[in-house]
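K.L.:
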Amino acid sequence: MKKRKRRKKKLPKNFYLFLRFASTGLITISIMMIIIFAGREIASLPEKKRIHDDAIRKENFIEAMLPYAEENEEKYKIFPSITIAQAILESNWGESTLSKDYSNYFGIKSIRETDQRVVFQTNEYIDGKLVQIPGAFRAYDNLAASMAHHGLLVGTADRYKPVVESLTYQEAAKALYACGYSTDPNYPDKLIELIEKYKLYEYDS
0 MKKRKRRKKK
10 LPKNFYLFLR
20 FASTGLITIS
30 IMMIIIFAGR
40 EIASLPEKKR
50 IHDDAIRKEN
60 FIEAMLPYAE
70 ENEEKYKIFP
80 SITIAQAILE
90 SNWGESTLSK
100 DYSNYFGIKS
110 IRETDQRVVF
120 QTNEYIDGKL
130 VQIPGAFRAY
140 DNLAASMAHH
150 GLLVGTADRY
160 KPVVESLTYQ
170 EAAKALYACG
180 YSTDPNYPDK
190 LIELIEKYKL
200 YEYDS
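204 is the number that numbering that gives the first Met the number 0 gives to position 205 of the sequence shown; each next residue is one higher, with no gaps.
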């Protein structure tokens, strides 16, 4: 007796169509995912470059200030961290018009008409309110002159004696405000934040 051959069941055409569409769909989704992630990575490149360039710019600024800050520490006992933090804050990392065009990195005012000076609108706190008033500021020939005058001012003026006598950068930051260097009540906190964020205290001896 002959054995009957079993017929293989044919799968319906719809099944093959389903497989074709499913595989095409998976490939399409995979390609789309690759494009999306690659696009995000490409889009983030300019931002990454901007952050990197900004970090280098700030590092270069600190390095440019450091020799003068150390010199002022040697001459006047001013913490280098305080000097550098003030330069950062007052000049906005050397981006302010006063620092770029007139080499005044510390917002030092002019009190004599015979000074090399320039007049700008400046923000000041008066009776607890922030107002804009015209102010005369010193103009310097270069960074070295600006740093030297800052050291001389803070290091020798009687009003800033508490700054020089401070035992920590925190005390010095508070003393600068108390002595009237700035009218901003948040001035000490801003200096301390910069010192700690960029580890400027490492330059203090």
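Note that the Cβ used here is the ideal one computed from N, Cα and C, for glycine as well.
Please list the terminal residues of the continuous alpha helix (DSSP H) segment that includes GLY154.
P.N.:
Mapped onto the sequence shown, residue 154 falls at position 155. Run containing GLY154: 142 to 155, per the alpha helix (DSSP H) assignment.
K.L.:
Which of helix, strand or coil does DSSP assign to TYR104?
P.N.:
For this step, residue 104 is matched to residue 105 along the sequence shown. In this structure, TYR104 counts as coil in the three-state DSSP scheme.
K.L.:
Taking only runs that begin and end inside the region 105 to 141, name each unbroken alpha helix (DSSP H) of 4 or more residues, in chain order.
P.N.:
For the region 105 to 141, not a single whole alpha helix (DSSP H) run of length 4 or above is found.
K.L.:
PRO79 lies in the alpha helix (DSSP H); which residues open and close that run?
P.N.:
Walking along the sequence shown from the start, residue 79 turns up at place 80. Note, PRO79: alpha helix (DSSP H), 79 to 90.
K.L.:
Can you check which of these residues, TYR168, LEU65 and ASN59, is closest to ILE81 by C-alpha distance?
P.N.:
Taking the first residue of the sequence shown as 1, we reach residue 81 at position 82. Out of TYR168, LEU65 and ASN59, TYR168 has the C-alpha closest to the C-alpha of ILE81.
K.L.:
Suppose contacts are defined by Cβ-Cβ distances below 8 angstroms. Is GLY106 in contact with PHE136 by that definition?
P.N.:
The residue labelled residue 106 in the question sits at position 107 within the sequence shown. The residue labelled residue 136 in the question sits at position 137 within the sequence shown. Closer than 8 angstroms, so yes.
K.L.:
Would the region 175 to 188 count as touching the region 153 to 164 if we require 3 or more Cβ pairs under 8 angstroms?
P.N.:
Yes, they touch.
K.L.:
Closest to ASP188 by CA distance: which of LEU199, MET146 and ALA172 is it?
P.N.:
Numbered from 1 along the sequence shown, position 189 holds the residue referred to as residue 188. Of the candidates LEU199, MET146 and ALA172, the one whose C-alpha sits nearest the C-alpha of ASP188 is ALA172.
K.L.:
CB-CB under 7 angstroms to ASP114, same chain, minus the five flanking residues each way: which ones, in chain order?
P.N.:
Along the sequence shown, one-based indexing puts residue 114 at 115. Cβ neighbours of ASP114 beyond the five flanking positions: ARG137.
K.L.:
Taking one C-beta from the region 82 to 100 and one from the region 64 to 73 each time, how about it: are there three or more such pairs within less than 8 angstroms?
P.N.:
Contact holds: three or more Cβ-Cβ distances are below 8 angstroms.
K.L.:
Going by DSSP in three states, ASN185 sits in which element: helix, strand or coil?
P.N.:
On the sequence shown, position 186 is the one that residue 185 refers to. In the structure shown, ASN185 sits in coil (DSSP, three-state: anything other than H, G, I, E or B).
K.L.:
Which two residues bound the contiguous alpha helix (DSSP H) that contains LEU175?
P.N.:
Position 176 of the sequence shown, counted from the first residue, corresponds to residue 175. Here the alpha helix (DSSP H) through LEU175 covers 168 to 177.
K.L.:
Below 8 angstroms on the Cβ atoms is my contact criterion, and I expect TYR202 with LEU142 to pass it. Report the Cβ-Cβ distance as a whole number of Å.
P.N.:
Working through the sequence shown from its first residue, we reach residue 202 at position 203. Working through the sequence shown from its first residue, we reach residue 142 at position 143. That belief does not hold up - the Cβ atoms of TYR202 and LEU142 are roughly 17 angstroms apart, past 8 angstroms.
K.L.:
So is ALA174 buried or exposed if we call it buried at 16+ other beta carbons inside 10 Å?
P.N.:
As a position in the sequence shown, residue 174 is number 175, starting the count at 1. Its Cβ being crowded by 16 or more others within 10 Å, ALA174 is buried.
K.L.:
What do you get for HIS51, buried or exposed, if any count of 16 or more other CB atoms within 10 angstroms of its CB means buried?
P.N.:
As a position in the sequence shown, residue 51 is number 52, starting the count at 1. Exposed: under 16 other Cβ atoms inside 10 Å.
K.L.:
For ILE27 and ILE33, I'd like the C-alpha separation in whole angstroms.
P.N.:
Sequence index remark: in the sequence shown, residue 27 carries index 28 (1-based). Sequence index remark: in the sequence shown, residue 33 carries index 34 (1-based). Strictly speaking, residue 27 in this sequence is Thr, with Ile absent from that position. Those two C-alpha atoms are separated by around 10 angstroms.
K.L.:
What does the Cβ neighbour count give for LEU166, buried or exposed, with the cut at 16 atoms within 10 Å?
P.N.:
Walking along the sequence shown from the start, residue 166 turns up at place 167. Looking at its Cβ environment, which holds fewer than 16 other Cβ atoms inside 10 Å, LEU166 is exposed.
K.L.:
Taking DSSP as the reference, what is the three-state secondary structure of LYS76?
P.N.:
Within the sequence shown, numbered from 1, the residue matching residue 76 stands at position 77. Looking at LYS76 - three-state DSSP - the assignment turns out to be coil, as it is neither helix nor strand.
K.L.:
To the nearest angstrom, report how far apart LEU244 and LYS196 are at their CA atoms.
P.N.:
The shown model of the chain, from 0 to 204, leaves out residue 244, and the question about it has no answer.
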